[in-house]
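Keeping their order, the protein sequence lines are chains A and B. Residues 14 to 445 in the working numbering are what the first sequence lists, from first letter to last. Residues 68 to 383 in the working numbering are what the second sequence lists, from first letter to last.
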Amino acid sequence: MKILIRGARLIDATQKLDKVGDLCIAAGRVIGVDRTPEGFTPNRTIDAQGLIVAPGLVDLSARLREPGFEYLATLESEMAAAVAGGVTSLACPPDTDPTLDEPGLVEMLKYRAQGLNQCRVFPIGALTAGLEGQRITEMAELRDAGCLGFSQAMRPIADTQVLARALAYAATFNFCVWLQPQDAHLGHGGFAHDGEVASRLGLAAIPVTAETVAIATILLLMRETGARVHFCRISSARGLDMIHEARKEGLPVTCDVGVHHLHLSEMDIGWFDSNCHLSPPLRSIRDRDALRAAACNGLIDAICSDHSPVDEDTKQVPFAESSIGATGLELLLPLTLKWGKERGLGLGETLERVTAKPAQILGIAAGTLQEGSLADICIFDPNAEWKVEAASIVSQGKNTPFLGYNMQGRVQYTLVGGQLIFDRSPKNNKNA
Amino acid sequence: MSANPQLDSQGRLQHLLTIDGLPASIITQILNTAQHFKETGADSKKLPLLAGKSVFNLFFEPSTRTRTTFEIAAKRLSADVINLNVAASSQSKGETLLDTVDNLSAMSADMFVVRHAESGAAHMIARHVAPGIHVVNAGDGRHAHPTQALLDMFTIRHFKGSFENLRVAIIGDVLHSRVARSQIHALTTLKVPEVRVIAPKTLIPKDVEHMGVHVYHDMETGLKDVDVVMTLRLQNERMNGALLPSREEFFKYYGLTQEKLSAARPDAIVMHPGPMNRGVEIDSAVADGPQSVILSQVTFGIFVRMAVMAILAENT
Chain A
14 MKILIRGARL IDATQKLDKV GDLCIAAGRV IGVDRTPEGF TPNRTIDAQG LIVAPGLVDL
74 SARLREPGFE YLATLESEMA AAVAGGVTSL ACPPDTDPTL DEPGLVEMLK YRAQGLNQCR
134 VFPIGALTAG LEGQRITEMA ELRDAGCLGF SQAMRPIADT QVLARALAYA ATFNFCVWLQ
194 PQDAHLGHGG FAHDGEVASR LGLAAIPVTA ETVAIATILL LMRETGARVH FCRISSARGL
254 DMIHEARKEG LPVTCDVGVH HLHLSEMDIG WFDSNCHLSP PLRSIRDRDA LRAAACNGLI
314 DAICSDHSPV DEDTKQVPFA ESSIGATGLE LLLPLTLKWG KERGLGLGET LERVTAKPAQ
374 ILGIAAGTLQ EGSLADICIF DPNAEWKVEA ASIVSQGKNT PFLGYNMQGR VQYTLVGGQL
434 IFDRSPKNNK NA
Chain B
68 MSANPQLDSQ GRLQHLLTID GLPASIITQI LNTAQHFKET GADSKKLPLL AGKSVFNLFF
128 EPSTRTRTTF EIAAKRLSAD VINLNVAASS QSKGETLLDT VDNLSAMSAD MFVVRHAESG
188 AAHMIARHVA PGIHVVNAGD GRHAHPTQAL LDMFTIRHFK GSFENLRVAI IGDVLHSRVA
248 RSQIHALTTL KVPEVRVIAP KTLIPKDVEH MGVHVYHDME TGLKDVDVVM TLRLQNERMN
308 GALLPSREEF FKYYGLTQEK LSAARPDAIV MHPGPMNRGV EIDSAVADGP QSVILSQVTF
368 GIFVRMAVMA ILAENT
């Protein structure tokens with residue numbers, strides 16, 4: 014299949030590209046950027062005037078809920094949501110049921126995902142068996158099965174000795190360990206940032222120290238073990254300061270932020286809005302502003318959706334009893350664009366945070382439009398306005414703090430490996 | 068912050084969920100209505116203000132005093148009162164909170180008086196019920212206990228006349244106390260110039276100063292020259308652990324004794340929301356002493372709850 018994408022604004026930070034032109038695709042790869050190779054005759058032409066062509070988004074955290082939680086979401090529903098959001102590669106955390114702690118499970122998940130022929134799925138393996146923080150997993154076997162990193166998802170390892178050994182073992186093979194810095198005890202049983210709002214609403218709280226104590230511990234163990242660590246979902250200004258120091262020192266550390274945390278703070282909980290029940294918690298406005306700045310100056314490498322579809326009923330309960338998480342795959346692009354615009358960041362650099370940078374962290378060949386690269390492509394209308402409503406979201410998870418908000422920027426077409434997987438034109442898509 | 072969920076578009080009270088954000092004018096209206104009930108002897112004869120209305124006491128957490136005073140108040144207003152101890156019935160069969168509310172609404176409830184162990188439960192019910200059904204929060208988690216705070220304000224006004232020149236101290240487990248949060252909002256809304264909280268650091272919520280209070284960690288300076296001393300109940304499960312080492316040590320340093328009370332103004336009044344732990348947060352000699360107004364609080368609580376229900380019914 015040869016595809017010609019005509020007349021689009023081509024954006025790709027990896028080649029400092031920002032110009033209107035054509036993109037040619039053949040045999041699943043990009044073969045011409047702003048030029049038409051000799052003898053290229055497309056089978057299909059996509060008229061993309063007024064649209065932006067960018068590398069497909071790479072999402073460092075999207076829960077697909079399989080295996081084990083199919084009542085919340087399925088691979089079918091969430092991979093469809095991914096491509097509707099322009100996401101062509103995603104990493105899924107191991108907190109499924111059973112957890113992704115055995116090679117067979119990982120192979121099965123990859124096999125299922127491939128069969129569905131939507132986006133690419135990269136499982137993150139469990140660092141400890143059952144995420145229980147006691148016995149390390151067969152990381153090398155899991156890597157062979159397809160895991161690109163190892164994580165505890167939202168379950169911190171309480172025993173520091175186990176954590177030290179897990180990091181040392183991962184370092185043996187130079188595997189990257191993905192950790193959401195969260196002390197196992199500080200903030201245990203808490204639901205909201207330990208600040209003004211939790212105090213006023215009487216919600217058990219999670220202090221910033223739950224994050225910073227964990228970061229300090231992990232950084233000390235990194236120096237000792239030589240492990241590479243990717244910090245997931247940084248939430249506080251102080252946490253960022255510590256990562257900044259570690260970077261200066263030369264420690265191999267990267268980090269990401271959930272896109273919600275670039276826009277929301279504890280204040281958005283209002284009167285107990287359970288859609289704002291997230292992990293880590295939405296913190297103070299000062300923390301949010303520090304995250305926005307750090308994503309801009311590169312201290313934060315990548316922005317992820319932290320997509321976590323939950324059951325509507327489990328949000329219709331008091332805040333503390335409500336499920337953690339929000340839908341995010343289809344909001345990642347517009348919310349990232351909004352942040353970039355508000356920060357005065359160029360489109361190339363803005364999109365880099367959801368394309369090239371996360372691809373680098375995952376260690377996959379994606380997030381670029383360079384000739385010869387896989388044709389994973391997101392084509393979006395930067396001016397299209399749409400309203401976030403249950404009916405306008407493809408994901409089975411409809412809960413988001415942004416319900417009722419207007420978004421700017423919407424995906425029109427998504428290509429994965431040179432195949433047109435998603436097309437929002439009314440005739441092609443009932444969800445458009 | 069979203070719009071105040073307890074007022075309608077004309078600013079009239081539709082639910083009583085929290086004192087936070089409640090205008091002083093509504094607090095004063097409630098206190099004045101309660102005063103009217105007190106003066107007209109509404110404790111001896113029934114008023115028809117809620118005749119034909121059904122009030123459901125929906126208690127997901129055990130309570131004797133609060134439930135009883137709500138029941139008495141509703142009955143004096145001629146309402147039909149249905150008491151549901153939900154902890155022991157549908158919830159244990161797996162029915163969700165909102166299903167329970169829907170079912171009771173279908174039995175033509177006009178008002179729900181709700182107590183629940185989780186902060187925000189009353190807000191959630193208020194958002195869910197049909198217009199015209201009123202929700203009164205009788206205590207949700209650590210969040211709010213607005214009628215307790217209102218009856219405390221009634222008591223203070225009764226004994227002190229006004230709020231403008233008072234110094235008030237709240238002592239004890241502020242961190243876990245819905246009563247303290249509602250008291251603080253009520254006192255600051257009514258322009259009490261100085262509100263203090265006194266407790267060890269383990270029992271003070273983060274950034275509590277943002278609510279307009281001064282934090283003290285010792286009783287002698289905290290109680291100096293105060294006009295009103297409000298003690299809080301210390302839950303049993305908090306007495307031994309990582310928050311406090313023992314009830315004995317708490318009593319020694321933070322229990323209200325006659326000696327510690329002597330730092331306050333000689334005409335200071337002593338309050339407690341009940342039920343009291345004698346010898347833990349308060350010494351019997353103080354609880355039963357001349358400065359204690361604790362039993363008046365209980366009596367006034369009925370008038371205040373009558374006032375709240377009457378105003379809500381009028382705003383239907």
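Beta carbons: idealized from backbone N, C-alpha and C, even for Gly.
For residue j and residue i, believed in contact at Cβ under 8 Å, the rounded distance
i	j	result
S297 (chain A)	G208 (chain A)	5 Å
F11 (chain A)	H290 (chain A)	Nothing about residue 11 (chain A) can be read from this structure; chain A reaches only from 14 to 445.
V429 (chain A)	G99 (chain A)	In fact, because the Cβ distance is near 11 Å, the residues do not count as touching under 8 Å.
A315 (chain A)	T27 (chain A)	Rounded, the Cβ-Cβ distance is 14 Å, inconsistent with contact.
K268 (chain B)	H284 (chain B)	7 Å
L144 (chain B)	M373 (chain B)	6 Å
Pair within 7 Å by beta-carbon distance, residue i and residue j
i	j	result
D240 (chain B)	L301 (chain B)	yes
D326 (chain A)	G271 (chain A)	no
A193 (chain B)	D207 (chain B)	no
V295 (chain B)	I223 (chain B)	yes
R248 (chain B)	A197 (chain B)	no
A286 (chain B)	K319 (chain B)	For the sequence presented, residue 286 (chain B) should be read as Met rather than Ala. No, they are not a contact pair.
P68 (chain A)	G380 (chain A)	yes
L36 (chain A)	V66 (chain A)	yes
T225 (chain A)	R251 (chain A)	yes
R19 (chain A)	D60 (chain A)	yes
Start and end residues, alpha helix (DSSP H) containing residue i
i	result
L290 (chain B)	286 to 290
W352 (chain A)	345 to 355
V375 (chain B)	361 to 381
M338 (chain B)	M338 (chain B) -> not in any alpha helix (DSSP H); beta strand (DSSP E) instead, spanning 336 to 338.
P80 (chain A)	Per DSSP, P80 (chain A) belongs to no alpha helix (DSSP H) and is neither H nor E.
I86 (chain B)	Note, I86 (chain B): premise wrong, no alpha helix (DSSP H); not H, not E.
Alpha carbon of residue i to alpha carbon of residue j, nearest angstrom
i	j	result
K443 (chain A)	S90 (chain A)	Caution applies to K443 (chain A), whose pLDDT of 48 falls short of 50 and renders its modelled position unreliable; the value that the coordinates give is listed next. Going by the C-alpha atoms only, they are around 14 Å apart.
R168 (chain A)	H190 (chain B)	30 Å
A39 (chain A)	G431 (chain A)	7 Å
H273 (chain A)	E138 (chain B)	45 Å
Q234 (chain A)	F285 (chain A)	Residue 234 (chain A) is actually Leu in this sequence, not Gln. Between L234 (chain A) and F285 (chain A), the C-alpha separation is close to 38 Å.
I24 (chain A)	H243 (chain B)	53 Å
P312 (chain B)	G410 (chain A)	45 Å
L360 (chain A)	L350 (chain A)	8 Å
E355 (chain A)	A126 (chain A)	36 Å
L382 (chain A)	V46 (chain A)	8 Å
L304 (chain A)	N187 (chain A)	28 Å
L257 (chain B)	V180 (chain B)	25 Å
T413 (chain A)	L275 (chain A)	14 Å
T222 (chain A)	G308 (chain B)	21 Å
Y418 (chain A)	K400 (chain A)	6 Å
V337 (chain B)	N232 (chain B)	17 Å
Three-state secondary structure (DSSP) of residue i
i	result
N444 (chain A)	Low confidence applies to N444 (chain A): its pLDDT is 47, below 50, so where it sits in the model is not reliable, and the reading given next is rough at best. Three-state DSSP puts N444 (chain A) in coil, outside helix and strand.
K113 (chain B)	coil
N150 (chain B)	strand
M420 (chain A)	strand
P116 (chain A)	helix
R234 (chain B)	strand
M68 (chain B)	Low per-residue confidence applies at M68 (chain B): pLDDT is 38, beneath 50, and the placement is therefore not dependable enough to give any value.
T413 (chain A)	coil
K29 (chain A)	coil
C189 (chain A)	strand
R79 (chain B)	coil
F163 (chain A)	strand
Boundaries of the beta strand (DSSP E) in which residue i is found, first to last residue
i	result
N525 (chain A)	Because chain A spans 14 through 445 in this model, residue 525 (chain A) falls outside it and cannot be assessed.
H183 (chain B)	178 to 183
Q432 (chain A)	432 to 436
L364 (chain A)	Run containing L364 (chain A): none in the beta strand (DSSP E); it sits in the alpha helix (DSSP H), 360 to 365.
N204 (chain B)	201 to 207
R19 (chain A)	15 to 25
N124 (chain B)	121 to 126
H243 (chain A)	241 to 244
C317 (chain A)	315 to 317
S102 (chain A)	100 to 105
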